[in-house]
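Report on the following structure.
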Amino acid sequence: MKALQTRHQRGGVTLVVTIAVAVIVAAILVVHFLSRMKPPEVKTFQELVTRVETLNSQISDREQSILQLVSKYNESHPGGEIDTTGMSSMGMSDDQAELLAARVAEEKDISYRGMLQDIIDLNAEIGRIGDEMEEIRSRLRPPHAVQEG
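Per this note's numbering, the sequence shown runs over residues -16 to 132.
Have a look at this one:
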């Protein structure tokens, strides 16, 4: 009888261990396959990036063809040339384009509202610095004029 109970207990333990191993293996497989799948947001984002790159390429190509046509026009119409300096840079100066690129790289708000807020913040900082300068000037002794002789 004891042998039957021991065998029964061993069978129960074996069954529990087998189920536990099967659950662990199934969990590992599920995690493995889920990690290989990309979430829909990532796929959508990658599609958008690809689309933006394609559109940028098309814009560059068209911009180049426009610049070539304008160059041909300028050659054939001396004195009536078209200025192309602002065509490729959206009319921005080199400094403005550098500042915009730096703001984008720093992931700052490049909207009009964001830039206006930066101007407001800088004006407030300039005001604070001006107040500090006035306070420092007020603590200085008055200038002493030296007389000749």
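No residue lacks a Cβ here, since even glycine has one placed at the ideal position from N, Cα and C. Owing to the predicted nature of the structure, the values given are computational and were not obtained by experimental measurement.
Let's see if you can read the secondary structure: which residues bound the alpha helix (DSSP H) around residue i?
{"i": "V87", "result": "77 to 88"}
With a threshold of 6 Å on Cβ separation, who are the neighbours of residue i within its own chain once the five nearest residues in sequence on each side are excluded?
{"i": "V4", "result": "none"}
Looking at residue i: is its Cβ nearer than 8 Å to the Cβ of residue j?
{"i": "N57", "j": "I65", "result": "yes"}
{"i": "L83", "j": "I93", "result": "yes"}
Let me know the secondary structure DSSP gives residue i once reduced to three states.
{"i": "G63", "result": "coil"}
{"i": "L127", "result": "Note on residue identity: the sequence assigns His, not Leu, to residue 127. It is coil, neither helix nor strand."}
{"i": "I11", "result": "helix"}
{"i": "I93", "result": "coil"}
{"i": "L(-13)", "result": "Annotation note: pLDDT 43 at L(-13) (below 50); position unreliable, no value reported."}
Within the same chain, show all residues whose beta-carbon is closer than 7 Å to that of residue i, passing over the 5 residues directly before and after it, in chain order.
{"i": "R86", "result": "I93"}
{"i": "L31", "result": "none"}
Between which residues of its own chain and residue i is the CB-CB distance below 8 Å, once the five residues before and five after are set aside?
{"i": "G97", "result": "K91"}
* To do: Note down, one range per segment and in chain order, each alpha helix (DSSP H) of at least 4 residues found wholly within the segment 20 to 60.
  => As far as the segment 20 to 60 is concerned, its whole alpha helix (DSSP H) runs of at least 4 residues are 23 to 59.
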